[in-house]
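Heads up: the sequence shown begins at 63 in my numbering, then just goes up one per residue.
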Amino acid sequence: MPNPMILVPARMQSTRLPGKPLADVHGEPMIVHVWRRAMETGLGPVVVATDTPEIVAAVEKAGGRAVLTRADHPSGSDRIKEAADLVDPQGRHDVIVNVQGDLPTIDPRVIIASVAPLEDPAVDIVTLAAVITREDEKTEPSVVKAIGSEIEPGRMRALYFTRATAPSGEGPLYHHIGLYTYRRRALDRFVALPPSPLEQRERLEQLRAVEDGMRIDIIVVEDVPLGVDTPHDLDRARAILKSRAGA
């Protein structure tokens with residue numbers, strides 16, 4: 063059985079919402095809410111990986127654990143790799159779940175669902191997708207489409223990821239959700255690879271794994287978690303969490 067560790071990358075730099083990990087959400091920084099959602103999974107230890115001492119302090123004040131990583135990482139995956147090696151240098155945790163630090167409303171059950179496919183030794187990485195229901199999202203380049211071949215209901219083997227509208231023809235389109243669960247050795251292999259041609263062309267990091275022949279499975283979930291990128295997103299997240307607290 064997999065032995066997971068959840069890592070949450072968080073950076074202060076954001077073009078549209080500077081300092082968003084420390085944005086106040088009902089009296090606590092947003093990153094603390096993400097940490098709580100991850101803790102609620104019960105999967106294993108949860109550690110926030112950041113390049114900012116203030117984020118470390120905020121997480122530790124809430125009772126969590128955070129680790130300070132280098133500031134010059136080219137991607138979140140590189141930050142996660144460094145954090146995994148700092149926190150677990152012996153490699154006891156063979157699965158690394160990468161939960162983005164801007165998902166304060168994510169359902170813990172979605173995170174849990176991303177681990178099960180790694181019981182199959184042929185799977186290297188697991189990610190998530192949801193059926194696109196809004197017509198405008200089908201042609202929106204910012205909505206990344208996941209293309210896969212169904213293995214069983216609710217699970218696909220990834221074939222490609224693209225910003226284009228694909229595949230053509232009748233049938234559902236899938237909105238890729240940027241949560242990744244790596245087999246530890248797959249994460250090591252991934253960050254050691256140079257950026258691939260299709261990765262650079264589409265500006266999609268996961269294509270590096272696809273081009274290298276790594277197997278990515280996709281779990282289909284009901285909804286796309288709200289990613290906080292703008293002040294409007296932050297207001298929506300506050301409203302969602304307030305409604306849950308009152309339920």
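Yeah, the Cβ is synthetic: ideal placement off N, Cα and C, and Gly gets one too.
Can the beta-carbon of V94 be found less than 8 Å from the beta-carbon of M101? In the sequence shown, counting from the first residue as 1, residue 94 sits at position 32. In the sequence shown, counting from the first residue as 1, residue 101 sits at position 39. No, the pair does not count as a contact, with Cβ atoms beyond the cut-off.
Just the Cα atoms here: how many angstroms apart are G138 and M74? Working through the sequence shown from its first residue, we reach residue 138 at position 76. Working through the sequence shown from its first residue, we reach residue 74 at position 12. Those two C-alpha atoms are separated by around 13 Å.
Can you give the Cα-Cα distance for A228 and V282, rounded to whole angstroms? Counting from one through the sequence shown, the residue named residue 228 turns up at place 166. Counting from one through the sequence shown, the residue named residue 282 turns up at place 220. About 17 Å.
Nearest neighbour of E212, chosen from L221, S204 and K200 [CA to CA]: Position 150 of the sequence shown, counted from the first residue, corresponds to residue 212. Nearest C-alpha to E212: L221.
Quick one: what does DSSP say A133 is sitting in, helix, strand or coil? Position 71 of the sequence shown, counted from the start, is the residue given in the question as residue 133. In this structure, A133 counts as coil in the three-state DSSP scheme.
CB of G125 to nearest heavy atom of the ligand FAD: below 7 Å? With respect to small molecules bound, the structure shown includes none, and the ligand FAD cannot be examined in it.
Buried or exposed for G311, going by 16 or more other Cβ atoms inside 10 Å? Lying before the first or after the last residue shown, residue 311 is absent from the chain, which here runs from 63 to 309.
Which full runs of the alpha helix (DSSP H) of 4+ residues lie inside the region 171-241, going along the chain? 197-200
Classify M63: buried if its beta carbon has 16 or more other beta carbons within 10 angstroms, exposed otherwise. Sequence index remark: in the sequence shown, residue 63 carries index 1 (1-based). Result: exposed.
One or two residues paired with R127 in a DSSP bridge: Walking along the sequence shown from the start, residue 127 turns up at place 65. Paired residues: V109.
Please classify Q268 as buried or exposed, where buried requires at least 16 other C-beta atoms within 10 Å of its C-beta. Position 206 of the sequence shown, counted from the start, is the residue given in the question as residue 268. Buried.
For P66, which three-state DSSP category applies? Indexing the sequence shown from 1 puts residue 66 at position 4. P66 falls in the strand class under three-state DSSP.
Suppose only complete runs of 3+ residues qualify. What are the beta strand (DSSP E) ranges in the region 275-303, listed by chain order? 278-282
Proximity winner among A120, H135 and K123, relative to A254 (alpha-carbon distances): Indexing the sequence shown from 1 puts residue 254 at position 192. The option with the nearest alpha carbon to A254 is H135.
Using 8 Å as the threshold, is the C-beta distance between A111 and R141 below it? One-based indexing of the sequence shown puts residue 111 at position 49. One-based indexing of the sequence shown puts residue 141 at position 79. In contact: A111 and R141 (Cβ atoms closer than 8 Å).
Roughly how many whole angstroms lie between the Cα atoms of E232 and I173? Indexing the sequence shown from 1 puts residue 232 at position 170. Indexing the sequence shown from 1 puts residue 173 at position 111. If I take the Cα positions, the gap works out to 30 Å.
Got a sec, what are the start and stop residues for the alpha helix (DSSP H) I93 sits in? Within the sequence shown, the letter at position 31 stands for residue 93. M92 to M101 is the extent of the alpha helix (DSSP H) around I93.
Quick check on the DSSP output: the beta strand (DSSP E) that includes V159 runs from which residue to which? What you label residue 159 is simply residue 97 of the sequence shown in a count that begins at 1. From DSSP, the beta strand (DSSP E) with V159 extends over V157 to N160.
Kindly indicate which three-state DSSP category P71 falls into: helix, strand or coil? In the sequence shown, the residue the question calls residue 71 occupies position 9. The answer is strand: DSSP assigns P71 an E or B state.
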